[in-house]
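Encoded as structure tokens, the structure appears first; notes follow it.
There are 2 protein chains.
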Amino acid sequence: MTPRKKQPTTTPHTVSMADLARELGVSMTTISRALSDHHSIGAATKQRVLKLAKKLNYQPNHLAAALRKGQSRLLGVVVPYIEGKFFPSVIQGIEQAASKAGFSVIVCQSHEDVQIERRNVETLLHAQVAGVLVSLARNTQEFHHFDKVRARGIPLVFFDRIPASEFVNSVVLNDQAGGFAATNHLLEQGCRRIAHLAGPQHLNIYRERQQGYLNALAAHGIEPQEELIIYSDMTQEDGAQAIRQLLMLPNPIDGVFGAGDSVILGALQALKSQGIRVPQDIALAGFSNEGFTAITEPRLTSVDQRCEEMGEAVVRLFLELSTAPEAQFVQRQVVLQPELFIRESSLQVTE
Amino acid sequence: MTPRKKQPTTTPHTVSMADLARELGVSMTTISRALSDHHSIGAATKQRVLKLAKKLNYQPNHLAAALRKGQSRLLGVVVPYIEGKFFPSVIQGIEQAASKAGFSVIVCQSHEDVQIERRNVETLLHAQVAGVLVSLARNTQEFHHFDKVRARGIPLVFFDRIPASEFVNSVVLNDQAGGFAATNHLLEQGCRRIAHLAGPQHLNIYRERQQGYLNALAAHGIEPQEELIIYSDMTQEDGAQAIRQLLMLPNPIDGVFGAGDSVILGALQALKSQGIRVPQDIALAGFSNEGFTAITEPRLTSVDQRCEEMGEAVVRLFLELSTAPEAQFVQRQVVLQPELFIRESSLQVTE
DNA sequence: CCCCGATACACAAACGTTTGTGCCAACACT
DNA sequence: AGTGTTGGCACAAACGTTTGTGTATCGGGG
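From first to last, the protein sequence lines stand for chains A and B. Counting in the working numbering, the final residue of the first sequence is number 351, and the numbers go up one at a time with none missing. Counting in the working numbering, the final residue of the second sequence is number 702, and the numbers go up one at a time with none missing.
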């Protein structure tokens, strides 16, 4: 009875640096340095190591490296949600730029809940990420959960939805320019009484969009009217509700600029159900350039947010922070320029 | 001159188990076991450890644990894309179930490219994930890049888009039942010549949906017609193109079942631009229950895919595989039942 | 001939956990 | 009193890297 070896159903023992070292009769130091192209290793040795590594299909254990070096090649991202167009596109930009720099990306959703946002940040720290990239939940008004990130000396970058009046690094769209462009466009199309469907004012983006709206009115010498500004959470239903409210005003409106596309979609549906023509009676313009803006009838004019550029910019900022740690103490803000996509919902109002 | 201590601008030295041990005058073993609720540690000691850990704000280094234990608490997900509704929702389900089980989730997009898919798998293995969850890219016809995953003994679960004729664990929707339900519904509404906008046949989901279509026809004693089945990549433009082609047939059609919502959206737009009424002249039904199905006019009937349930099921399957490694050698397939959402695009065709 | 600086590599100590094994005391049982 | 059992803890070796320091050999400049 030949003592047959037990089947290696156990862990297939991934090949480690130690194996390479034994095989080549050199020390692990040499292996490590050869693989990371250290200058103190001869070209010939490097070649031998590389060759053997390929032959044995050596896979570096990044965990061990991360443990030893105290930092991983993982990037953590926290976003409110990943439905719609904006965040997926930004994430796409982040992934692309990150992978170029040799980083992988973890994505977490806060679902607009600061509680979950807190947990997400914890999760990411647990995963020993090298950086944390955040777009805030709607109800985040307090930012202590990010202190831990800074305390660990990990770069922290906010994008799009950033903390108000905090000393942070961030990438944002010039929302004010976007709001201005959209409103200005409506004005140029002949609108004179333009309503604004505004978002929660503690979020920078909605404040800025509204400011753009106000500036555009001012630029055309039009006095803003309080009754024309409707605040809400920007859902589709909110948009319909707002329209019902606006239609009850004595002086009819002739245009609406919404700080989001969903709210404008709701407005459009409410208008159509009342038999009001868009854009002939009331012109519409939204914000975000969501996919469905090209589906509705008429198609919706909207402000595009340069999503992928934003993702790339976020990663660039992260890389700067991580290579120059002293830069932690200066505040950086990158501002991207939006672009207005003009479609039928706002065209040919006059003539 | 008091010799003031140098500012600790250096690494804030995160508190480790060693610190706890020193503070409490016990060994690290005790700390580790107390924290993981090991039975050989006294209740009193556990309390002391837990209390101190909280007080010092001890954060476990999961990297070290993963290194030691040879497995992390990270789950890798590869999907073709994260736009639209389906994948975000599935991911949502995955995240939820995973976080309950103490896992975090990394998401990668293959962008429908098998090359990138390969790289994604590599990335995930580098990140030392505990499991790999995949929905295939459109052009993935060969599966060797997944061998490495199995070789490392890491659970591998496919969902929705799964390899044809491979020995794998998977979670899928009963696409055939979905195709049947949609087509059957059109038939019940009075349609008799129903076209099918089919997808790439090497993808299981599209084959199944088509089979459901054929079965429904057969169940009503209707002979399928080759000319009524149009194959494409299922984009919006493909849908419009297909309609143009179908309208040139001598015998007019009275219904269309599309294997996706985008392709049906294109069809709807093409029909409307030709002045053909939906659903009076031609009824429509799609697949996926995308968000925009409730926006179009008329709203689109569509098959819902139980996205979140799928995500949960995927994680459940992963957990089974990882706790019972011998189960690696049996094939498991979970099948979810779809649900038909009936809207105006298919209603009241007759009478 | 001596010293200096490269060049090329090895030693060994980290990084922060987990875990098999060993030790000791206390207790219960025959 | 001797034997077995159990509870409670410590020792030390892993896991797979990275890296500061040490130490040869060699060539060339003084």
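The C-beta atom is built at its ideal place from N, Cα and C for all residues, glycine as well. This structure is a prediction, so every number in the text was calculated from the model and none was measured.
Could you check what DSSP says for residue 610 (chain B) in three-state terms: helix, strand or coil? As a first step, residue 610 (chain B) must be located in the second sequence, where it is residue number 259. Reduced to three states, the DSSP call for residue 610 (chain B) is coil.
Using beta carbons (cut-off 7 Å, strictly below), is residue 363 (chain B) in contact with chain A? Position 12 of the second sequence, counted from the start, is the residue given in the question as residue 363 (chain B). Since pLDDT at residue 363 (chain B) reaches only 49, below the 50 mark, its modelled position is unreliable, and the value read off the structure follows with that caveat. At least one chain A Cβ lies under 7 Å of residue 363 (chain B).
Quick one: grab the DSSP three-state call for residue 123 (chain A). In the first sequence, the residue the question calls residue 123 (chain A) occupies position 123. Helix.
For a cutoff of 7 Å on Cβ pairs, would you count residue 439 (chain B) as touching chain A? Looking up residue 439 (chain B) in the second sequence gives position 88. Yes, residue 439 (chain B) lies at the interface with chain A (some Cβ there is under 7 Å from its Cβ).
Tell me where the beta strand (DSSP E) around residue 605 (chain B) begins and ends. For the purposes of this step, residue 605 (chain B) is taken as the residue at position 254 of the second sequence. Element bounds for residue 605 (chain B): n/a, residue is neither H nor E.
Could you list the residues in the stretch 149-162 of chain A with a C-beta less than 8 Å from some C-beta on chain B, going in chain order? 151, 152, 153
Please check if any C-beta of chain A sits within less than 7 Å of the C-beta of residue 496 (chain B). Numbered from its first residue, the second sequence carries residue 496 (chain B) at position 145. Taking Cβ atoms only, chain A never reaches closer than 7 Å to residue 496 (chain B), which makes this a no.
Indicate whether at least one CB of chain B lies closer than 7 Å to the CB of residue 41 (chain A). Walking along the first sequence from the start, residue 41 (chain A) turns up at place 41. Taking Cβ atoms only, chain B never reaches closer than 7 Å to residue 41 (chain A), which makes this a no.
Using a Cβ-Cβ cut-off of 6 Å (strictly less than) and excluding sequence neighbours within five positions of residue 475 (chain B), which residues of its own chain qualify? By one-based count along the second sequence, residue 475 (chain B) stands at place 124. Within the same chain, residue 475 (chain B) has close Cβ partners 427, 483.
Have a look at A:281, A:319, A:339, A:342 and flag the residue whose alpha-carbon is nearest the alpha-carbon of residue 169 (chain A). Sequence index remark: in the first sequence, residue 169 (chain A) carries index 169 (1-based). Nearest of A:281, A:319, A:339, A:342 to residue 169 (chain A), Cα basis: A:319.
On the DSSP bridge assignment, give the partners of residue 582 (chain B) in chain order. As a working note, residue 582 (chain B) is residue 231 in the second sequence. B:549.
is_contact[residue 457 (chain B), chain A] using C-beta, thresh 7 Å: The residue given as residue 457 (chain B) occupies position 106 in the second sequence. It does; some Cβ of chain A falls within 7 Å.
Residues of the stretch 114-125 of chain A whose Cβ lies closer than 7 Å to any Cβ of chain B, in chain order: 123, 125
Along the stretch 37-66 of chain A, what residues have a CB closer than 9 Å to any CB found in chain B? 57, 59, 60, 61, 62, 63, 64, 66
Using a Cβ cut-off of 7 Å, pull out every chain B residue sitting near residue 176 (chain A), in sequence order please. Walking along the first sequence from the start, residue 176 (chain A) turns up at place 176. Per Cβ cutoff of 7 Å: no residues; residue 176 (chain A) is ~28 Å from chain B at best.
What three-state label does DSSP hand residue 491 (chain B) in the structure shown? By one-based count along the second sequence, residue 491 (chain B) stands at place 140. Residue 491 (chain B): coil per DSSP, three-state reduction.
Inter-stretch contact at 8 Å, needing at least 3 Cβ pairs: the stretch 167-183 of chain A / the stretch 297-307 of chain A: yes
Tell me, which residues are paired with residue 106 (chain A) by DSSP? Counting from 1 along the first sequence, the entry for residue 106 (chain A) is found at position 106. Answer by DSSP bridge pairing, in chain order: A:76, B:457.
In whole angstroms, what separates the C-alpha of residue 63 (chain A) from that of residue 323 (chain A)? Locating residue 63 (chain A) in the first sequence gives position 63, where the first residue counts as 1. Locating residue 323 (chain A) in the first sequence gives position 323, where the first residue counts as 1. Straight-line Cα distance between these residues: approximately 21 Å.
In or out: residue 625 (chain B) buried (at least 16 other Cβ within 10 Å) or exposed? Translated into the one-based positions of the second sequence, residue 625 (chain B) becomes position 274. Label assigned to residue 625 (chain B): exposed.
Boundaries of the alpha helix (DSSP H) in which residue 19 (chain A) is found, first to last residue: Position 19 of the first sequence holds residue 19 (chain A). Note, residue 19 (chain A): alpha helix (DSSP H), 17-24.
Contact set for residue 363 (chain B): own chain, Cβ-Cβ below 8 Å, skip 5 residues either direction: Walking along the second sequence from the start, residue 363 (chain B) turns up at place 12. Residue placement at residue 363 (chain B) is flagged as unreliable, the pLDDT there being 49, under the threshold of 50; the coordinate-derived value follows with that caveat. The answer is none, since no qualifying residue turns up.
Confirm, please, whether the CB-CB distance from residue 606 (chain B) to residue 634 (chain B) is below 7 Å. On the second sequence, residue 634 (chain B) is found 283 positions in, with the first residue counted as 1. On the second sequence, residue 606 (chain B) is found 255 positions in, with the first residue counted as 1. A contact, by the Cβ cut-off of 7 Å.
Would DSSP call residue 176 (chain A) helix, strand or coil? Working through the first sequence from its first residue, we reach residue 176 (chain A) at position 176. Looking at residue 176 (chain A) - three-state DSSP - the assignment turns out to be helix.
Let's test the definition: count the other Cβ atoms within 10 Å of the Cβ of residue 661 (chain B) and tell me whether it reaches 16, buried, or not, exposed. Here the question's residue 661 (chain B) lines up with position 310 in the second sequence. Burial is judged here by how many other beta carbons sit within 10 angstroms of a residue's own beta carbon; residue 661 (chain B) has at least 16 and is buried.
With a CB to CB cut of under 8 Å and the five nearest residues on each side skipped, what residues in its chain are close to residue 101 (chain A)? In the first sequence, residue 101 (chain A) corresponds to position 101, counting from 1. Closer than 8 Å at Cβ, skipping near neighbours: 315, 319.
Touching or not, the stretch 397-416 of chain B and the stretch 380-387 of chain B, by the rule of three or more beta carbon pairs under 8 Å? yes
Taking any Cβ of chain A, which residues in the stretch 633-652 of chain B have a Cβ under 8 Å from it, in chain order? 642, 643, 646, 647, 648
Smallest Cα separation from residue 706 (chain B): which of B:436, B:382, B:371, B:693? Because chain B spans 352 through 702 in this model, residue 706 (chain B) falls outside it and cannot be assessed.
Which same chain residues end up closer than 8 Å to residue 597 (chain B) when comparing Cβ atoms and leaving out the 5 residues on each side of it in sequence? Translated into the one-based positions of the second sequence, residue 597 (chain B) becomes position 246. Excluding its 5 nearest sequence neighbours in each direction, residue 597 (chain B) has C-beta neighbours in its own chain below 8 Å: 546, 579, 581, 604, 607, listed in chain order.
Does any residue of chain B bring its CB to less than 7 Å from the CB of residue 142 (chain A)? As a first step, residue 142 (chain A) is located in the first sequence; it is residue number 142 there, counting from the start. For residue 142 (chain A), the answer is no, since every Cβ of chain B falls outside 7 Å of its Cβ.
Do you know how far the Cα of residue 433 (chain B) is from the Cα of residue 82 (chain A)? Locating residue 82 (chain A) in the first sequence gives position 82, counting from the first residue. Locating residue 433 (chain B) in the second sequence gives position 82, counting from the first residue. Cα to Cα, residue 82 (chain A) sits roughly 8 Å from residue 433 (chain B).
Can you find a CB in chain A that lies within less than 7 Å of the CB of residue 422 (chain B)? By one-based count along the second sequence, residue 422 (chain B) stands at place 71. Judged by the 7 Å Cβ criterion, residue 422 (chain B) is not in contact with chain A.
Give a yes or no on whether the minimum CB-CB distance between residue 478 (chain B) and chain A is below 7 Å. Locating residue 478 (chain B) in the second sequence gives position 127, counting from the first residue. With 7 Å as the cut-off, residue 478 (chain B) counts as an interface residue toward chain A.
Taking the alpha helix (DSSP H) that residue 509 (chain B) falls in, what are its first and last residues? Looking up residue 509 (chain B) in the second sequence gives position 158. Segment 507-510 is the beta strand (DSSP E) holding residue 509 (chain B); no alpha helix (DSSP H) there.
Span of the beta strand (DSSP E) holding residue 652 (chain B)? Locating residue 652 (chain B) in the second sequence gives position 301, where the first residue counts as 1. Counting along the chain, the beta strand (DSSP E) containing residue 652 (chain B) begins and ends at 652-655.
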